[in-house]
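Position 192 of the sequence shown, counting from 1, maps to 191 under numbering that gives the first Met the number 0, and the rest follow consecutively.
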Amino acid sequence: MYKRHEKHLTSTTGFLTITTFAIAFLATSARAEDQATEPATGGVQDIIVTAQKRAQNLQDVPVAVSAFNDAALEQRGIKDVRELTRVTPGLQVAQGTGVALPFLRGIGSNASAAGNESSVAVYADGVYYTRLPLGFLSLSNIERVEVLKGPQGTLFGRNSSGGVINIVTPDPSFDFSGHASLGYGNYQTFQGDLYVTGGLSDTVAMDLTVGGTNQADGWGTNIATGNKTGFQNNFTVRSKLLWEPSSSTKIVLTGYYSLSRVSTQGNIMKGYTGGTSLPPYVVLPPLPGFYDTRDGIDGRNITKGKGGSLRIEQDLGIGTLTSTTAYTSERERQPGVSDLTPQGDGRFTLYIGVKQFTQELQLAGKKGAITYVAGLFYYNALSEYDPSDFSGPLFSGPGYNGVQIFAKQRAKSYAGYGQATLEVVPGLSLTGGLRYTHESTSGEGRTALINDGTEIASFPVAPDTTKLNKLTYRAAIDYKFTPDILGYASYSRGYKSGGYNLIPFTAPAQRPETVDAFEAGFKTSLFDRHLRLNGAAFYYRVADPQVQLIRSGSIILSNADSARIKGFELEAEAALTSHFSAHGGFTYLDATYKSYKNAPSAPPNPNTDPALGYVGGTIPAISIDASGNQLPLSAKYVFNVGASYTVDTGRGDAQFSVDYYRTSRLYFEPDNLLKQDGYGLLSAQLKYSPTQNTSIRFWGKNLLDKKYVSLGVSYAGPAGYPYLPGAPRTYGVTAEIKF
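Right, here's the structure in full:
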């Protein structure tokens, strides 16, 4: 637990970390030529991003963006989206059951219900993804990852009230090349990746990416069955076909398939107890290990995803017209035990299906002093539980021994948008953008009673439809004080659509969440571009912040009244010499509910007498005033620091990299009962490259073996407070070859 003086120490440490980079560099006498794209000179490498739907140098974009190219991801040991938390100020990615749950500056969604889209939109190669299954998270063969902070409602539209994670993969090359890696780690974990690309003709090229992880040994044990638990296995294949029929036309066809198998967890938060749901009522003893469970089944969450996209780029002379058409489909089987007991009195299996189709047309160009982008966007998604099976004594009654819930939600959206930047005078630019969205969301469902597999009764719920027209916008001013120093200020609005409760289906839908954000920041490249130092201060007004809670297997969607978020971030990268580099970041975040007077809460059950009812667990949901409470997954202080040193051994290069991440306390729900105290994660790797095309890496993550909770929830009843644990200490070796 952080004490007050420890919090101030964390803040001071973050500032000192950033300042040290500058001081260390000033003490360095070596100077290299000003060629940012040549790392060998010792300068910080430029990164090209598309945060404004056009290619720009990161340092020229008046938006808070953390960006990482493939080299940076490899150096810092980032293998999937969840690990971006360790190196991205303001980002927290929790792991739900089968999906990732990103938060940016306190804005996010902490439940993985079908139809409940994230407040942080995820794009891959220009395609929006409704859900982010774990099998799709691998960052194998990535050109870059961009994390755009703050509402992106103008260019990226709906469900980007917190920001955007934009993943970009390389297009095929006409030159034959590729790379492959094979690794082995503790918990009997095998990892492998393969990428091959080449030309099929003078105008056609193709590539293939295959990657996966197979973990044979679990992190813990299910003491109810005696089997191992805590597995995370995934497999992904992706291929692109590139056709360039002329110098002005580019067509890219992409297809992918992903598969993940993840253990369902029933751990109980330390310091709390769980009890049995049926007489005789007893308190269950604490679990022996942090990663152990006692579910009556060995649950495996299985998610399969597939999809494809077609991108056509045409140079019209006046600008570039881009059409992006995409279809994705996901099927998920999520088993579990709602009462978290060895006997499994309440078992369930959720069958989740999500299908989506998107079409975007975009025109980008420049006319005189005006740079512009305009477009049209269409979105159609179906999310369903088909069905959700519930069985066992808790879901039985006279004449039936099971319950099935059928529910689906259809969301359609049409939008038109435009944004333009005017260079008023050299160095001074004004940006304005608008987006108008019309969307409709409809839902329906029914509950069926089942006896020995036969439906004996059905209770349909009247369907419901919600329609919404929304205007989002952005205004910004930026000024280049020098070619290497940019200052900017902006105001933007974004929103997240509302959805229906689907287990069981109930109306009305959640109200949309609206975020008005004010931000001022700077971007600098100092000391002959050997130090990149960026910072931003921000203030958010959040109306109707959406709340997601899990109660005994059901996900409850609702709204608070309002929230306020303020804070600042610093991010630095320094090339101290041609062999030694360092990086770091710091975030201060004050994110609280301004008004939330009827917040649901499930406090610990005080009953200790089995004659009066169940013991252990929680009291069924009550209402409290959560005004002033901290928003979920929004730590006040977070910093990261890392360094890399490369030495020529005479028989190849050896590179040692180390990274440390530290967060203060964070809460998982609005009542601020469940919390994870501050913790730190240390990672390191040693990479030896005997030739330019071969290398071997010895790596370790969470080297101090910190046991921490990734996501905690409150069950209303005897089950108590289950959680999903973060990964334990992992280490291994990986061999790589390029050809």
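For every residue, glycine included, the Cβ atom is placed at its ideal position computed from N, Cα and C.
Restricting attention to beta strand (DSSP E) runs no shorter than 3 residues, the segment 449-502 encloses them at 453-481 and 484-495, ordered along the chain. Close CB contacts of I250 within its chain, under the 8 Å cut and outside five residues either way in sequence, are with L241, W242, E243, P244, L309, R310, I311 and E312 (chain order). When C-alpha distances from L448 are compared across G391, G498, D670 and F579, the shortest belongs to G391. Here Y183 is exposed, its C-beta having fewer than 16 other C-beta atoms within 10 Å.
Between the segment 191-205 and the segment 692-700, the count of C-beta pairs closer than 8 Å stays below three; the two stretches do not touch. When secondary structure is reduced to three states using DSSP, P101 falls in the strand class. Counting other Cβ atoms within 10 Å of its Cβ, R650 stays below 16 and is therefore classed as exposed.
Annotation for D69: the continuous alpha helix (DSSP H) segment containing it runs D69 to Q74. According to the DSSP secondary-structure assignment, Q231 is paired through a beta bridge with V261. Looking at the DSSP output, L349 bridges to Q333 and S387. In terms of Cα proximity to V62, the closest of G152, E142 and R81 is G152.
With three or more CB-CB distances shorter than 8 Å, the segment 339-357 counts as touching the segment 270-281.
Contact between Q214 and F234 fails: their C-beta atoms lie close to 12 Å from each other, not under 8 Å. In this structure, the alpha-carbon of V712 lies about 30 Å from that of D658. A straight-line Cα-Cα distance of about 40 Å links K365 and S441.
In the DSSP assignment, E142 forms no beta bridge with any residue. Of the candidates K737, A726, P721 and D216, the residue whose Cα lies closest to the Cα of D294 is P721. Look at Q58 here: in three-state DSSP terms it is helix. Restricting attention to V546, G584 and F155, the CA atom closest to the CA of S600 is found in V546. Around the CB of A368, fewer than 16 other CB atoms lie within 10 Å, so the residue is classed as exposed.
Within the DSSP bridge table, the entry for T370 names K365 and T420 as partners. For Q418, the closest of T327, R473 and S238 by C-alpha to C-alpha distance is R473. Under the three-state reduction of DSSP, F504 is assigned to strand. A straight-line Cα-Cα distance of about 25 Å links D477 and T319. Assignment of beta-bridge partners to L665 by DSSP yields Q675. For F521, the pairing in a beta bridge is given by DSSP as G486 and G534.
DSSP places R540 in the strand class (E or B) of the three-state scheme. Each of G76, L258, P287 and A573 was checked against the Cα of G225, and the nearest Cα belongs to P287.
If you draw a 10 Å sphere on the C-beta of K407, you find 16 or more other C-beta atoms in it, and that means buried. Cα atoms of V372 and E422: separation of roughly 15 Å, rounded to the nearest angstrom. Judged by pairs of C-beta atoms under 8 Å, the segment 506-524 touches the segment 156-170, as three or more such pairs exist.
Check the Cα spacing between G211 and each of N232, Y194 and N221: the tightest is with N232. In the DSSP assignment, Q94 falls within the beta strand (DSSP E) that extends over L90 to Q94. If you look at L181, you'll find it in the beta strand (DSSP E) that goes S176 to G184. In the displayed model, V657 falls within a strand according to three-state DSSP.
Rounded to the nearest whole angstrom, the CA to CA distance from Y587 to S580 is 25 Å.
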